[in-house]
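Enquirer: Structure in structure tokens, see below.
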């Protein structure tokens, strides 16, 4: 795998996450797509599992350090871990179901992104709800976050469907090929 | 195949990393991770070459500021008028405060220095998670920005206060963000002013209880009208440079759910969404402002 390409991809994805994401949000609802997770989906749909988890963890860590917690007093507070863990869990979901996707159509990528981001967001909500209850004074409403983030998962899936034509190109740049780690009929199907 | 088991090449490192991350995610309070914002600031600075131009492009394609007059001369006069109105209201308020102090104490207290430098700067991004609602500006401690500095859009619409600063960027919490603190403001109606305490209610709106003020002649309660201007007036929590800046306009006047005879006022900022502006103006301590990011543009309005 080409690490330089991955770093470039992470840089662009995080840049879009911090800028374009807000612009694409639906009004004041907070429903918005995640470009970082789209990149994780593209990687997780073909790379070897061991590599996928490390890359998802790194991407999650980048989101963690740039996510300012909604603290009740407005202070800038950030924590390491919630997104790193959750994004790895989301990637695990994609790795688990990717062999069921018979054809790499745009909708297959969209479905992978939807399923993976659902797992990721459920983990994020669980972790932050726990933190808000025990450690940190967060302005956190679990009910509101739940529906906002679930709607964001659908939005992410839709954006991934649109970005799917770029996936083979990115996978080639990254030098991650499906056939290199999946054997037999599964690789043939893909 | 289990999750940890499927990570083969990481050997023993991967489970240790996973457990360590889980401990940080679950058990270490944010106050013990004070070094993370510095790391985040560095990351934001590194991705600014991507997020900055994209933010600017998006705001250019879909501007959120109110449509400006096509006549440039008229537009500059309009802005100057707003600035002068802000200064007059602030001076009037300061005069009233000094008059009250003089009457009570028979001592003249030196007025606070409300002179500030204006530092126009660009919005380069936002929090990676939209529940954060913070906005990142391309100006930091090297430009003289400090925590608590006031941020405006178009020089007169109050946007919020600086929540944190790195050397090259600062983070602003808009007044309409869910976690923003309440503040006091005055509704400037025709012939009367009404105090209110505003707090965010979501959707980019502010709402708060209105002062119960009655007409001395008729005894009827004075109510603001939709469209009346609302300005910040909270000397205890906001600096002098923020007083009488525009908060927005009255969008609705409703009966208070707690006290039916009292009213609450719903206020909408003049900029539809404060979290989506492309440029902002920082009000920093005099002499500390440097040319930040508006290449070739003067510091003063």
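Residue numbers (our numbering), protein chains in the order written: chain A, 1 to 190; chain B, 1 to 301.
Just so you know, even glycine gets a beta-carbon here, dropped at the ideal spot from N, CA and C.
(1) What's the C-alpha gap between residue 142 of chain B and residue 121 of chain B?
(2) Compare the C-beta of residue 43 of chain A against all C-beta atoms of chain B and say whether one is closer than 7 Å.
(3) Just to confirm before moving on: does the CB-CB distance between residue 66 of chain A and residue 44 of chain B stay below 7 Å?
(4) Pick out whichever of B:277, B:281, B:34, B:74 has its Cα sitting closest to the Cα of residue 245 of chain B.
(5) For a quick check, are the C-beta atoms of residue 264 of chain B and residue 254 of chain B less than 7 Å apart?
(6) Give the C-beta separation of residue 159 of chain B and residue 166 of chain B to the nearest angstrom, bearing in mind that I take them to be a contact with Cβ-Cβ under 8 Å.
(7) Residue 182 of chain B: which of B:92, B:196, B:23, B:273 sits nearest, CA to CA?
(8) What does residue 24 of chain B touch in chain A if you count any residue whose Cβ is under 8 Å from its own?
(9) I need the boundaries of the alpha helix (DSSP H) containing residue 37 of chain A, first residue and last residue.
(10) Using a Cβ-Cβ cutoff of less than 7 Å, which residues in the same chain neighbour residue 31 of chain A once the five nearest sequence positions on both sides are dropped?
(11) Would you decide whether residue 57 of chain A is buried or exposed? Buried here means 16 or more other CB atoms lie within 10 Å of its CB.
(12) By how many angstroms is the C-alpha of residue 236 of chain B removed from the C-alpha of residue 149 of chain B?
(13) Could you give the distance in angstroms between the alpha-carbon of residue 23 of chain A and the alpha-carbon of residue 216 of chain B?
(14) Might you give, ordered along the chain, the residues of its own chain that have their beta carbon closer than 8 Å to the beta carbon of residue 169 of chain B, omitting 5 neighbours on each side?
(15) Between residue 204 of chain B and chain A, is there a C-beta pair that is closer than 7 Å?
(16) If we count the other Cβ atoms within 10 Å of its Cβ and call it buried at 16 or more, is residue 15 of chain A buried or exposed?
(17) For residue 187 of chain B and residue 145 of chain B, I'd like the C-alpha separation in whole angstroms.
(18) Alpha carbon to alpha carbon, how far is residue 259 of chain B from residue 238 of chain B? Give it in angstroms, no decimals.
(19) Using a C-beta cutoff of 7 Å, does residue 173 of chain A count as contacting chain B?
(20) Helix or strand or just coil, what does DSSP make of residue 11 of chain A?
(21) Looking at the C-beta of residue 112 of chain B, does it have a partner C-beta in chain A at a distance below 7 Å?
(22) Assuming residue 173 of chain A and residue 50 of chain B form a contact by the criterion Cβ under 8 Å, report the distance between their Cβ atoms to the nearest whole angstrom.
(23) Opposite residue 193 of chain B in the DSSP bridges: which residues?
(24) Is the beta carbon of residue 145 of chain A less than 7 Å from the beta carbon of residue 125 of chain A?
(25) Show which residues of chain B have a CB atom less than 8 Å away from the CB atom of residue 11 of chain A.
(26) Within the 7 Å Cβ cut-off, does residue 125 of chain B reach chain A?
(27) Check whether the Cβ of residue 30 of chain B lies closer than 7 Å to any Cβ atom in chain A.
(28) Within 7 Å of any Cβ in chain A, is that where the Cβ of residue 137 of chain B sits?
(29) Going by alpha carbons, who is nearest to residue 48 of chain A out of A:94, A:81, A:19?
(30) Taking the C-alpha atoms as reference points, what is the distance between residue 283 of chain B and residue 134 of chain B?
(31) Among A:96, A:29, A:167, A:5, which has the Cα closest to the Cα of residue 275 of chain B?
(32) Assign residue 109 of chain A to buried or exposed, taking buried as 16 or more other Cβ atoms, counted over all protein chains shown, within 10 Å of its Cβ.
(33) Would you say residue 76 of chain A and residue 164 of chain B are within 7 Å of each other, going by their C-beta atoms?
(34) Taking C-beta to C-beta, are residue 317 of chain B and residue 230 of chain B nearer than 7 Å?
(35) Which residues in chain A have a C-beta closer than 7 Å to the C-beta of residue 39 of chain B? List them in chain order.
(36) Could you list which residues in chain A have their beta carbon closer than 8 Å to that of residue 178 of chain B, in chain order?
Expert: Working from what's here:
(1) 13 Å
(2) no
(3) yes
(4) B:281
(5) yes
(6) Actually they are not in contact, since the Cβ atoms of residue 159 of chain B and residue 166 of chain B sit about 19 Å apart, beyond 8 Å.
(7) B:196
(8) 79, 80, 81
(9) 35-44
(10) 25, 148, 151, 152, 155
(11) buried
(12) 15 Å
(13) 49 Å
(14) 41, 44, 45, 48, 124, 136, 137, 138, 139, 140
(15) yes
(16) buried
(17) 30 Å
(18) 28 Å
(19) no
(20) helix
(21) The predicted model places residue 112 of chain B with a pLDDT of 48, which falls under 50 and marks its position as unreliable; any figure quoted below should be read in that light. Chain A contact via Cβ: absent.
(22) Contact doesn't hold; Cβ gap of about 17 Å is too wide.
(23) B:188
(24) yes
(25) 46, 47, 50
(26) yes
(27) yes
(28) no
(29) A:94
(30) 18 Å
(31) A:29
(32) buried
(33) yes
(34) Nothing about residue 317 of chain B can be read from this structure; chain B reaches only from 1 to 301.
(35) 65
(36) 70, 139
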